[in-house]
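Below is one structure; the comments refer to it alone.
Protein chains in written order, with the numbering used here: chain A, -15 to 430; chain B, -15 to 430.
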């Protein structure tokens, strides 16, 4: 379909009837996809060919660069028409990405009521329930019958983000119950909403964090969830399609933090090299300066190194093995905390587990190292024993540090994802070299 | 509520009427939660108090250890009743976690038809559409009216996993259209399904991979999606609640692969230390042996080190900085590929971007290093220049290797997540030390 559309708009003049016939058969997401990577001119031209009824929907699926191109080319009237047809949450997402002059132009052309809602939602903190909710939901009253409810949904449902869960409110929009379309469909037409609604409601507050909310969706398998203010008045709903995106966003944030990057929502290719460098330089600098401490540990053992220069050959192996062993543990614990499988109360259980795992891994790697060094490095028993013991001690240290730090971070209300490979490696490097040279001194009596 | 339940079942004798009154108000997910961490005896006792109508649902939300305890305590009849009430996908998930003797006992007590479905689904490859789909969906015919459809849904809908999307089939179960409950509710009662259904269907095959399917859900914001066989016959559906779990599962798998762990679905605390060690040892060993190559590079510069022992002090800083810089790049690219933001065709664009980012970061870190070494290490200009140039070259190398390898992996149809920090670090370590000693030799003429 995409190919057909592209071939038609490259003809001159464009066969609009043919184009609209194809577009009518397409999903709005695919239409938005087709608009990507067109020239500015073609983009605006094609967008104007869209039936008015789907313009808002297609617009909300587009990338923000393309949205901006279109908004800048449209008349005030056309802009108003599009934004008024978008769901409030999509409109807010769009406005947040636009430069100030576009925002002013857009808000000027939106219905007064919608403008008020948009302005309200722009004020909620990033990543809070308020900033991801939408205000298009079906609200019922307890004294309605099922039949009333159906009529009400048929009248107003077309512009609601979901009609599959309705929210029951009383005066002052106080939330008193929820009812699924399934319950409505299976109930008798005369049943009253108040008697068949579910009063055991799981709801969130406007200020609740999106990661916690995603956890609730995952736990209960909801399709949508109500958002209330401090007085438990219904102000919006969150739908599962946004949650799918949030889960990926939160995972990306953790991936980035765990690789010593400042988290960023921008796609890789659309971020400038200066912004990329800015996101990377701070951690690189902090970790580089920390690693000089490790260097000074080596400097402290200058005498040992002078007496036994071969010791330096095993430094990279010890540092890398310690770093890898620590990264394994910290990754498992950070992810376990994020998924709710590990909690701060498990700290001793985790520690004891990691010590034993470290012992198993350390013994296996130690023995292999011993064999390798003993038989390939001139049957030097002292050297083989030194390296073997160092590997064992390094791995146990790495596993302990790697599992403890993320849990401590969580206890101190710092994001555990910070305590990942880069920091763990820097700490374990220093420890492993100190262990190594001390063992060497003791064994070789230098 | 949970506390109330726990206090009641700790009384002797248990006040069953009171217990059932509380449970009737609870969400089945919360009931399953309450059952967690009870003694085996209490667990079985409490489970038997549940109303028969919700037993299957609560059972499907429980952890597999607890499911096993219950199954082992129930009679054949009771087991049959529970499994027959579970959705096929939940039953399959449960059976996959049970030991062979329990599986035999369970399958013996299930309806013949359900047994056939379960056996079929157990044969689909792990992580394929077939293994995550369920067979409880609403199927309509084109010649039905909207009114017929509603009556059919009311009759059969109670046991369907979702009634919010219906699938239209003709003879041989050939999929011809989809129709949402919203469309049904907004249509006239006499309209025929064939004329109002959507024929532009997005569907997947039984053998399609779950990660790809999750991508489709994210792209289109679906609540469910049809699964067809090779002849395009409808065999099942996938619902969005499973997708939420799959997205987290796939992210966890990537986190683990990127930390040199063999991926595992088991929660951290429920995995034995031997299994943990087994998941970690292979990569630790491979990387340890690779790191000895780096060691032998140092050995090759023995003369330089003997002439200038202070060179060894900067080894940890160079190794760590190179590793961190490489990990940053590889993480961004691996995640970019997973999210579909970066593709193999972008390889030169990415490479050119990373070279320039490496240059910016390398210059900043290099200058800071120069100042630190020059003013704190006795104004040794040659040494300061050596380390500065090495930092710059190391960072540029690390950024290039870190961005290229994941894209190459993708090209070779290997999982890009393998090309993460641990492998990048090992490679960059070797490269950075070679660079460092060669620069030192050139500058100090040793």
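Heads up, the beta-carbon is just placed ideally off N, CA and C, and yes, glycines get one too.
Starting from residue i, follow its DSSP beta bridges and name the residues at the other end.
i: residue 210 of chain B; result: B:221
i: residue 161 of chain A; result: A:152
i: residue 334 of chain A; result: Note: residue 334 of chain A sits in no beta bridge, so no partner.
i: residue 176 of chain A; result: A:129
i: residue 11 of chain A; result: In the DSSP output, where bridge partners are listed per residue, residue 11 of chain A has none listed.
Since residue i meets chain A, which of its residues come closer than 7 Å, beta carbon to beta carbon?
i: residue 204 of chain B; result: 11 and 13
i: residue 118 of chain B; result: Per Cβ cutoff of 7 Å: no residues; residue 118 of chain B is ~13 Å from chain A at best.
i: residue 385 of chain B; result: Per Cβ cutoff of 7 Å: no residues; residue 385 of chain B is ~15 Å from chain A at best.
i: residue 312 of chain B; result: 243, 244, 245 and 264
i: residue 166 of chain B; result: 141 and 147
i: residue 239 of chain B; result: 315 and 319
Whose Cβ in chain A lies nearer than 8 Å to the Cβ of residue i?
i: residue 320 of chain B; result: 251, 252 and 253
i: residue 424 of chain B; result: Simply none; closest approach about 14 Å.
i: residue 330 of chain B; result: 253
i: residue 79 of chain B; result: Chain A residues near residue 79 of chain B: none, gap ~20 Å exceeds 8 Å.
i: residue 435 of chain B; result: This structure cannot settle anything about residue 435 of chain B, because the visible part of chain B is limited to -15 through 430.
So, using beta-carbon positions, are residue i and residue j closer together than 8 Å?
i: residue 405 of chain A; j: residue 301 of chain A; result: no
i: residue 230 of chain A; j: residue 116 of chain A; result: yes
i: residue 417 of chain A; j: residue 339 of chain A; result: no
i: residue 98 of chain A; j: residue 121 of chain A; result: no
i: residue 182 of chain B; j: residue 197 of chain B; result: no
i: residue 288 of chain B; j: residue 383 of chain B; result: no
i: residue 102 of chain B; j: residue 72 of chain B; result: yes
i: residue 379 of chain A; j: residue 305 of chain A; result: yes
i: residue 226 of chain B; j: residue 307 of chain B; result: no
i: residue 271 of chain A; j: residue 88 of chain A; result: no
i: residue 111 of chain A; j: residue 68 of chain A; result: no
i: residue 201 of chain A; j: residue 228 of chain B; result: yes
i: residue 156 of chain B; j: residue 217 of chain B; result: yes
i: residue 211 of chain B; j: residue 296 of chain A; result: no
i: residue 219 of chain A; j: residue 206 of chain A; result: no
i: residue 19 of chain A; j: residue 27 of chain A; result: yes
i: residue 166 of chain A; j: residue 40 of chain B; result: no
i: residue 113 of chain A; j: residue -8 of chain A; result: no
i: residue 317 of chain A; j: residue 261 of chain B; result: no
i: residue 344 of chain B; j: residue 374 of chain B; result: no
i: residue 236 of chain A; j: residue 245 of chain B; result: no
Run through chain B and tell me which residues come within less than 7 Å of residue i, C-beta to C-beta.
i: residue 376 of chain A; result: What residue 376 of chain A touches in chain B: nothing, since even the nearest Cβ is about 12 Å away.
i: residue 225 of chain A; result: 205
i: residue 275 of chain A; result: 300, 301, 304 and 305
i: residue 34 of chain A; result: Those within 7 Å of residue 34 of chain A in chain B number zero; the least Cβ separation is about 16 Å.
Kindly list, in the order they appear in chain B, the residues whose Cβ is closer than 8 Å to that of residue i.
i: residue 3 of chain A; result: Near residue 3 of chain A there are no residues of chain B at all, since even the closest Cβ is about 16 Å away, more than 8 Å.
i: residue 229 of chain A; result: 202
i: residue 293 of chain A; result: 286, 289 and 290
i: residue 279 of chain A; result: 297, 298, 299, 300 and 301
i: residue 184 of chain A; result: 9, 10 and 11
i: residue 50 of chain A; result: Ordered by position in chain B, no residue passes the 8 Å Cβ test against residue 50 of chain A, which lies about 16 Å from the chain.
i: residue 333 of chain A; result: 253
i: residue 209 of chain A; result: Under the 8 Å cutoff, chain B gives no residues; its nearest Cβ is about 13 Å from residue 209 of chain A.
i: residue 236 of chain A; result: 319 and 323
i: residue 401 of chain A; result: Going along chain B, no residue has its Cβ under 8 Å from residue 401 of chain A, so there is no contact; the nearest lies around 10 Å.
So with CB distances below 9 Å, who are the chain B contacts of residue i?
i: residue 26 of chain A; result: Within chain B, no residue comes near residue 26 of chain A; the closest Cβ sits about 22 Å away, beyond 9 Å.
i: residue 214 of chain A; result: Result: empty, since nearest Cβ-Cβ is about 23 Å, beyond 9 Å.
i: residue 268 of chain A; result: 305, 308, 309, 312, 345, 348, 349 and 379
i: residue 46 of chain A; result: Within 9 Å Cβ-Cβ: nothing; residue 46 of chain A doesn't reach chain B, min ~13 Å.
Taking 7 Å as the line, does the beta carbon of residue i fall inside it for any heavy atom of the ligand HEM?
i: residue 153 of chain B; result: Inclusion of the ligand HEM in the displayed structure is not the case, the ligand content being empty and no account of it being possible.
Query raised in the report: What residues in the stretch 298 to 310 of chain A bring their beta carbon closer than 8 Å to a beta carbon of chain B?
Result: 298, 299, 300, 301, 303, 304, 305, 307, 308 and 309
Query raised in the report: Which ranges does the alpha helix (DSSP H) cover as unbroken runs of at least 4 residues, wholly within the stretch 383 to 420 of chain B, from first to last along the chain?
Result: none
Query raised in the report: What are the complete alpha helix (DSSP H) segments, minimum 4 residues, inside the stretch 241 to 315 of chain A?
Result: 257 to 284 and 286 to 291
Query raised in the report: Which full runs of the alpha helix (DSSP H) of 4+ residues lie inside the stretch 105 to 132 of chain A, going along the chain?
Result: 113 to 116
Report task. Check each residue of the stretch 339 to 363 of chain B: if its Cβ is closer than 8 Å to any Cβ of chain A, include it; give the result in chain order. Result -> 340, 341, 344, 345, 348, 349, 352, 353 and 356
Requested in this report: Please name the residues in the stretch 117 to 139 of chain A whose beta-carbon is closer than 9 Å to at least one beta-carbon of chain B, in chain order.
Outcome: 134, 137 and 138
Query raised in the report: Using a Cβ cut-off of 9 Å, which residues of the stretch 404 to 418 of chain A contact any Cβ in chain B, in chain order?
Result: 404, 405, 406, 409, 410, 413, 414 and 417
Query - Members of the stretch 89 to 113 of chain B that neighbour chain A once the beta carbon cut-off is set at 7 Å - result: none
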